[in-house]
Amino acid sequence: MEYFLQQLINGLALGSIYGLVAIGYTMVYGIIGMINFAHGDIFMVGAFVALIAFLILVAIGITAIPLALFLVLIIAMLLTSLYGWAVERIAYRPLRGSFRLAPLISAIGMSIVLQNYVQLAQGARVKTLQPLITGVHTVLDLGNRFVVQISNIQILIILTTLALMSGFSWIVSSTSLGRDMRACEQDLKMAALLGVDTNRTIALTFLIGAALASVAGIMYLLYYGVIDFHIGFVAGVKAFTAAVLGGIGSLPGAMLGGLLIGLIETYWSAYFSVQYKDVAAFSILIVVLIFMPTGILGRPEVEKV
Amino acid sequence: MTNAPILSLDQLTMRFGGLLAVDSLSFNAKRGDITALIGPNGAGKTTVFNCITGFYEPTSGGIRVTHDDGDSFALEKLPDFKIARNVHVARTFQNIRLFAGMTALENLLVAQHNMLMRASGYTVFGLFGLPGYRNAEREAIDLARHWLEKTRLTERADDPAGSLPYGAQRRLEIARAMCTKPVLLCLDEPAAGLNPRESDELNTLLRSIKNETRTSILLIEHDMNVVMEISDHVVVLDHGKKISEGTPDFIRNDQKVIAAYLGVEEDAVEAVEAEVGL
Amino acid sequence: MSAEKTGKSSVLSHALKDALIAGIVAFGLFILLLGFLTDDSRGPLQLRQRPVLLASIVGMVFVGRFLISLLYYNAPALRHWLGKLWFAICAFAARYKWQLVALMFAVAASRIYYAPQSWPLALIIVATTFIGVRFGFSAALLVFAVLFPVTFYSNPYYLGIAIIILTYVMLGWGLNIVVGLAGLLDLGYVAFYAVGAYSYAIIAQAYGWSFWVCLPLAGLFAAFFGVLLGFPVLRLRGDYLAIVTLAFGEIVRIVLLNWISLTNGPNGIGSIPRATFFGIPFNPTEAGFAATFGLEFDPTHRTVFLFYVILALALITNWVTIRLRKLPVGRAWEALREDEIAVRSLGINPTNTKLTAFAIGAMFGGFAGAFFATRQGFISPDSFTFPESALILAIVVLGGMGSQIGVAVAATVMTASFELFREFEQFRLVIFGFAMVGIMVWRPRGLVSTREPTAYLKERKKISVEHVAEGRG
Chain A
1 MEYFLQQLIN
11 GLALGSIYGL
21 VAIGYTMVYG
31 IIGMINFAHG
41 DIFMVGAFVA
51 LIAFLILVAI
61 GITAIPLALF
71 LVLIIAMLLT
81 SLYGWAVERI
91 AYRPLRGSFR
101 LAPLISAIGM
111 SIVLQNYVQL
121 AQGARVKTLQ
131 PLITGVHTVL
141 DLGNRFVVQI
151 SNIQILIILT
161 TLALMSGFSW
171 IVSSTSLGRD
181 MRACEQDLKM
191 AALLGVDTNR
201 TIALTFLIGA
211 ALASVAGIMY
221 LLYYGVIDFH
231 IGFVAGVKAF
241 TAAVLGGIGS
251 LPGAMLGGLL
261 IGLIETYWSA
271 YFSVQYKDVA
281 AFSILIVVLI
291 FMPTGILGRP
301 EVEKV
Chain B
1001 MTNAPILSLD
1011 QLTMRFGGLL
1021 AVDSLSFNAK
1031 RGDITALIGP
1041 NGAGKTTVFN
1051 CITGFYEPTS
1061 GGIRVTHDDG
1071 DSFALEKLPD
1081 FKIARNVHVA
1091 RTFQNIRLFA
1101 GMTALENLLV
1111 AQHNMLMRAS
1121 GYTVFGLFGL
1131 PGYRNAEREA
1141 IDLARHWLEK
1151 TRLTERADDP
1161 AGSLPYGAQR
1171 RLEIARAMCT
1181 KPVLLCLDEP
1191 AAGLNPRESD
1201 ELNTLLRSIK
1211 NETRTSILLI
1221 EHDMNVVMEI
1231 SDHVVVLDHG
1241 KKISEGTPDF
1251 IRNDQKVIAA
1261 YLGVEEDAVE
1271 AVEAEVGL
Chain C
2001 MSAEKTGKSS
2011 VLSHALKDAL
2021 IAGIVAFGLF
2031 ILLLGFLTDD
2041 SRGPLQLRQR
2051 PVLLASIVGM
2061 VFVGRFLISL
2071 LYYNAPALRH
2081 WLGKLWFAIC
2091 AFAARYKWQL
2101 VALMFAVAAS
2111 RIYYAPQSWP
2121 LALIIVATTF
2131 IGVRFGFSAA
2141 LLVFAVLFPV
2151 TFYSNPYYLG
2161 IAIIILTYVM
2171 LGWGLNIVVG
2181 LAGLLDLGYV
2191 AFYAVGAYSY
2201 AIIAQAYGWS
2211 FWVCLPLAGL
2221 FAAFFGVLLG
2231 FPVLRLRGDY
2241 LAIVTLAFGE
2251 IVRIVLLNWI
2261 SLTNGPNGIG
2271 SIPRATFFGI
2281 PFNPTEAGFA
2291 ATFGLEFDPT
2301 HRTVFLFYVI
2311 LALALITNWV
2321 TIRLRKLPVG
2331 RAWEALREDE
2341 IAVRSLGINP
2351 TNTKLTAFAI
2361 GAMFGGFAGA
2371 FFATRQGFIS
2381 PDSFTFPESA
2391 LILAIVVLGG
2401 MGSQIGVAVA
2411 ATVMTASFEL
2421 FREFEQFRLV
2431 IFGFAMVGIM
2441 VWRPRGLVST
2451 REPTAYLKER
2461 KKISVEHVAE
2471 GRG
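Protein chains in written order, with the numbering used here: chain A, 1 to 305; chain B, 1001 to 1278; chain C, 2001 to 2473.
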């Protein structure tokens, strides 16, 4: 029982990270109908930017954790969203309205570029950051040999995710940018005809998606303390799986999918085997899609005959 | 030769969530006839078509097709491709669905897939170019040529279907459906977007299909010229219900039908007609 | 006069403005990742500053963007002249093509006269040009491929690269059936390649059967996996299918990594039986190939043999695909890519049709995998990762979906450039990624953007790709 609860907490923390990355996939897919394969690598870039920003702050003597964390958050979101924007500008905008597979291939190209660029710039070795946020709280102690704990970093991850999610939902539902985004999602051409600056809206979507991914990158960095140029691929595939599982195009779906993937992975590792945790996640994706072909919260695709 | 109707709908009902698109619809289409299904926009005509051709599974009710030799098929549970393959019901689409990147000829060859598939020994014999398959393919091309001639598309046979003008695409879709050798041909607004000359040609084509191949035709159409001129029997739908059926002449003068098209109650028809000067 | 002057200066100022923006963005992009290096070679993670690197890269972006903008704003004139030049070259080549062949011949003859040992090179050049002029590009490519080992017999490095290229050509052709013809986006094709390789390795080791027995078995196994995956998932549409195939690819890789008793896990399977010349091994023994045919032993014999094996396998893939396109099943694939609903209305079973595409594509992937296993003699899960799938998919899309010759050219260009610049490592990959983006922007529908009809009444007209759909499956 305690073990189960403990895994629940671990799974929620991991799932939050996946969810934040998944939002980027789902938004871009919703608006321009493409799989942004480079998004996982944007997440990785975000983690690297955050790492370097941390080290710079330490070097110039800002060591108060809350302040440093806040500054890193701002810097990483700004610089990483610039990456999101640049990727869109270079690889996707010239292909707008083109054939479906062309942007997919250029996205794969961009993913290769980002991975190897980071490897070239920062080396292939694993980067380790000593734990910055420490401390755990006991949630439940029934006097058995196992105690349920939640660490500060887990609390931080879950709270930040909640805050960002609600902030982002507010943007989508209540701002003019959100209205433009929803219009573009419904019908890009019509939105353009009605005077929505679609290029700007799409660029902003990439920007926001990248900013959220960078936050996920920071969380990953803080949670695991190790990053390398390769984390983007695995996290990207997982997050994309999460987006599809939840129903691609749906924001709550992305979050739900992220949490589910996080929980599946954690529980599978806890009760069965660590090696096959990804197999479990992917298998559940396949099974869910067989019975719900558009994901859990996706709009059922009505076949227009 | 059986006397049973080619198509018989029994209490067909189709519900989408809260929306009742087709409500206990029953009618028969006589063998060898052209039966028209008309009604205002949103009356549920295309839904009926999609139920007959298996693209939708009806909520309840029965659909039965009876072949000339008396074989009878219940369509309501069959998947779409089996209805086309085993029951030989062919259809066209309201918004044309051709294989745009394939030539007109190729479109007609795809339609003969099942015959060619058997002839090619499910690909195995065909792969090595055995004569049986080559003969079958020659016959398929002959049939395609026949329908290309009937639809006056021979000149465009080697052009991609997507490059044909609109009217030609409509005709090609009918030719493609005919290449499946159907017993029942369902046409969803074949005259939509055609100019008067083209719609006259369509009448000629449909009449010749009826007379020469004995294919029964079920037709959704808004163009009353086409409906009144060629159909033997007309069924009128409004809000998913049958409101009238009969010969074209009968329908033309039925107050209920006029009311439905004008979108008013039956007793208001005269007032409206007076207003617009009829 | 003055109007022209303002035009020029505004072009200049526009270009300068563009370059400035690009420079600022580049600075933002690179300030942390290039401006600093995280370094843990001396204890804990430390930062080193790299201002020179940062400045030079930002400078390069600035100058590059400036030049591109200048070109771009002068583009109509530039395109005009380039077009004229290209037209002139084409006209010249068309008019004097036989003279060109004769000239080649003369050059080759004189070369052989002065340096007889270079006859293979002369032979391949003359033969390729002649066939190319007479029978077209595909035939020339084929002749070049057949003569390749003769020419480069003394250069096993090139032979090795040629074998890798042909493997990718074959994989490209195999995936082309699924993606190009049937329009099903498969992001996990490498799984079938892996299944082929592992089943070959395991069967060959366990039973000691020869290559020619194990090869078809490997293909069948891969096809079986294709059906196994295809059966539940083929009713998914569009990108849902894409992610499921990707997931399947990952599942296969993870299983290979962890099923240690069967696959030996991350260490891979070594000493896989080498291909033999129909039972005669390539070794310096009495019973070896060289001794049997009275030749002096040379390890290149095996390489040449492998070259012809993969060439034959690739050509079989090509031939089968060309035949299948003209059969009902192939036409149904293409029809499915164009419009699945219409396909169903014609009485064609969409699931079976997709399954055959999946199974046949997987089978060729399996053959290629078996070949890979026997060529390498060693396989491990590292060879079957997602980037491999992405590379094969890129080959298909860059070549022009559905086009056989386009896929061959794309595979050659991509693999060759990949192999030849091996020493540049990551740098090469960055360029490679940008090249993928560039080619897509330049030709979104790939190098060959026409479709060849499979039957005709009067004349065979090429179909412009603007009419051809990509499929939503």
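In this text, a Cβ means the ideal position worked out from N, Cα and C, and glycines have one as well.
Item, Value
"Is DSSP giving residue 1233 of chain B helix, strand or coil here?", "strand"
"Can you give me the C-alpha to C-alpha distance between residue 1188 of chain B and residue 170 of chain A, rounded to a whole angstrom?", "45 Å"
"Counting only runs that start and end within the region 1162-1218 of chain B, where is the beta strand (DSSP E) found for 3 or more residues in a row?", "1184-1188"
"At a CB distance below 8 Å, what residues from the region 2229-2251 of chain C approach chain A? Give them in sequence order.", "2232, 2233, 2235, 2236, 2237, 2239, 2240, 2242, 2243, 2244, 2246, 2247, 2248, 2250 and 2251"
"Output yes or no for whether 8 Å exceeds the beta carbon distance between residue 1084 of chain B and residue 2347 of chain C.", "yes"
"Which of helix, strand or coil does DSSP assign to residue 2199 of chain C?", "helix"
"Return the residues of the region 1166-1180 of chain B that lie within a Cβ-Cβ distance of less than 9 Å from chain C, sorted by chain order.", "1173, 1176, 1177, 1179 and 1180"
"Alpha carbon to alpha carbon, what distance is there between residue 99 of chain A and residue 1175 of chain B?", "30 Å"
"Is the beta carbon of residue 47 of chain A less than 8 Å from the beta carbon of residue 227 of chain A?", "yes"
"Is the number of C-beta pairs between the region 2284-2300 of chain C and the region 2313-2322 of chain C that are closer than 8 Å three or more?", "no"
"I'd like the ranges of any alpha helix (DSSP H) spanning at least 4 consecutive residues and lying wholly in the region 2094-2128 of chain C.", "2097-2114"
"Mapping DSSP to helix, strand and coil, what is residue 2084 of chain C?", "helix"
"Just grab the DSSP bridge partners of residue 1090 of chain B for me.", "B:1185"
"Which runs of the beta strand (DSSP E) spanning at least 3 residues fall entirely within the region 1075-1153 of chain B, listed in chain order?", "1089-1091"
"Just checking, does the region 2366-2373 of chain C make contact with the region 2190-2203 of chain C on the three C-beta pairs under 8 Å criterion?", "yes"
"In or out: residue 195 of chain A buried (at least 16 other Cβ within 10 Å) or exposed?", "exposed"
"Beta-carbon of residue 2047 of chain C versus every beta-carbon of chain A: anything under 8 Å?", "yes"
"Which whole-angstrom value is the C-beta distance of residue 253 of chain A and residue 246 of chain A, which I expect to be below 8 Å?", "3 Å"
"I'd like to confirm the pairing. Which residues does DSSP put opposite residue 1022 of chain B in its beta bridges?", "B:1014"
"Which term fits residue 1173 of chain B, buried or exposed, when burial requires 16 or more other beta carbons within 10 angstroms of its beta carbon?", "buried"
"Between which two residues does the alpha helix (DSSP H) containing residue 314 of chain A stretch?", "Any property of residue 314 of chain A remains undetermined from this structure, which presents chain A solely from 1 to 305."
"Taking the alpha-carbon of residue 1143 of chain B as reference, which of B:1113, B:1243, B:1160 and B:1165 has the nearest alpha-carbon?", "B:1113"
"Give a yes or no on whether 8 Å exceeds the smallest Cβ distance from residue 2186 of chain C to chain A.", "no"
"Note down, in chain order, each residue of its chain lying with its Cβ closer than 6 Å to the Cβ of residue 96 of chain A, except the 5 sequence neighbours on either side.", "none"
"Three or more C-beta pairs closer than 8 Å, one from the region 2317-2329 of chain C and one from the region 2182-2196 of chain C: is that the case here?", "no"
"Locate the beta strand (DSSP E) running through residue 1279 of chain B, then write down its first and last residues.", "Not covered by the structure: residue 1279 of chain B. The range shown for chain B is 1001 to 1278."
"Going by the DSSP bridge assignment, what does residue 275 of chain A pair with across the sheet?", "Partner(s): none; residue 275 of chain A has no beta bridge."
"Would residue 41 of chain A and residue 115 of chain A be called neighbours here (beta carbons separated by less than 8 Å)?", "yes"
"What three-state label does DSSP hand residue 2382 of chain C in the structure shown?", "helix"
"Grouping DSSP H, G and I as helix and E and B as strand, with all else coil, what is residue 137 of chain A?", "strand"
"Which of the three DSSP states is assigned to residue 2276 of chain C in this structure?", "coil"
"Between the region 178-196 of chain A and chain C, which residues of the former have CB atoms less than 7 Å from a CB of the latter, in chain order?", "none"
"Cβ closer than 8 Å: which chain C residues qualify as neighbours of residue 23 of chain A?", "Ordered by position in chain C, no residue passes the 8 Å Cβ test against residue 23 of chain A, which lies about 16 Å from the chain."
"Let me see if you follow: with CB-CB separation under 8 Å, is residue 144 of chain A close to chain C or not?", "no"
"Can you give me, in chain order, the residues of the region 2375-2398 of chain C that have a beta carbon less than 8 Å from any beta carbon in chain A?", "2386, 2387, 2390, 2393, 2394, 2397 and 2398"
"Could you please give me the residues that DSSP links to residue 2451 of chain C through a beta bridge?", "C:2463"
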